[in-house]
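Asks: Following this message is one structure expressed as structure tokens.
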Amino acid sequence: MTDSPRMYHNPRCSKSRAALSLLREQGIEPEIVEYLKTPPDRATLADLINRLGIRPRDLLRTGEAEYRELGLKDPALSDEQLIQAMVEHPKLIERPIVVHGGQARIGRPPERVLEIL
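Using our numbering, read the sequence shown as starting at 9 and increasing by one per residue.
Laid out in structure tokens, this is it:
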């Protein structure tokens, strides 16, 4: 494999740490993006959603305070509004996300990231 996968990672998240350990056990050292320190821009986030094959709402962490405070449960909100909320509040982005070979997976459970390697 010539190119390393990219992992959108939060070192404080147990699922994110578990997915990283799983990759390393397979001898894979991903490029790590600590997305809370370096949040994806709108275009990057839209690309991730497309590669995941999901709707923006499916990438939201509904248990975060920002989800409730920003009223993101509202079904009238557009995909664009949801993406913008995640750009402005990256804590809302589900994690971890591993990208490789044009595909992406959310590591919940962590073993899902192995599907694209």
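Don't be surprised by glycine CBs; every beta carbon is placed ideally from N, CA and C. Keep in mind that this is a model prediction, so the values were computed, not measured.
1) Tell whether a beta-carbon distance below 8 Å holds between E42 and R69.
2) Please name the residue, chosen from S12, R20, R116, D55, that lies closest to G35 on a Cα-to-Cα basis.
3) N18 to L31, Cα distance in whole Å?
4) Considering only residues of the same chain and omitting the five flanking positions on each side of A54, which have a CB-CB separation below 7 Å?
5) Taking Cβ positions, are I105 and L56 nearer each other than 8 Å?
6) Return helix, strand or coil for E69, following the three-state DSSP convention.
7) Taking the beta carbon of S29 as the centre, do at least 16 other beta carbons fall within 10 Å, making it buried, or is it exposed?
8) In chain order, what residues of the same chain have a beta carbon less than 6 Å from the beta carbon of I114, not counting five sequence neighbours either side?
9) Could you name the residues of the same chain whose beta carbon sits closer than 8 Å to that of T10, not counting the 5 residues immediately before and after it, in chain order?
10) Would you grab the beta carbon distance between A112 and R59 for me? Rounded to a whole angstrom, and I think it's under 8 Å.
11) Does R113 come out as helix, strand or coil in the three-state DSSP assignment?
Replies: Well, looking at it:
1) Taking 8 Å as the cut-off, the beta carbon of E42 is found no closer than this to the beta carbon of R69.
2) It is S12 whose Cα lies nearest to the Cα of G35.
3) Between N18 and L31, the alpha-carbon positions lie close to 15 Å from each other.
4) I91.
5) Cβ distance < 8 Å, so I105 and L56 count as in contact.
6) Here residue 69 turns out to be Arg, not Glu, going by the sequence shown. Secondary structure of R69 (DSSP, three-state): coil.
7) When all chains shown are included, S29 counts as exposed.
8) Taken in chain order, the residues that qualify are E102, I105.
9) With a pLDDT of only 48 at T10, under the threshold of 50, the placement of this residue in the model should not be trusted; the figure read from the coordinates follows. So the list is empty, once near-sequence residues are dropped.
10) The pair is a contact, with the Cβ atoms about 4 Å apart (cut-off 8 Å).
11) In the three-state DSSP reduction, R113 falls in the strand class (E or B).
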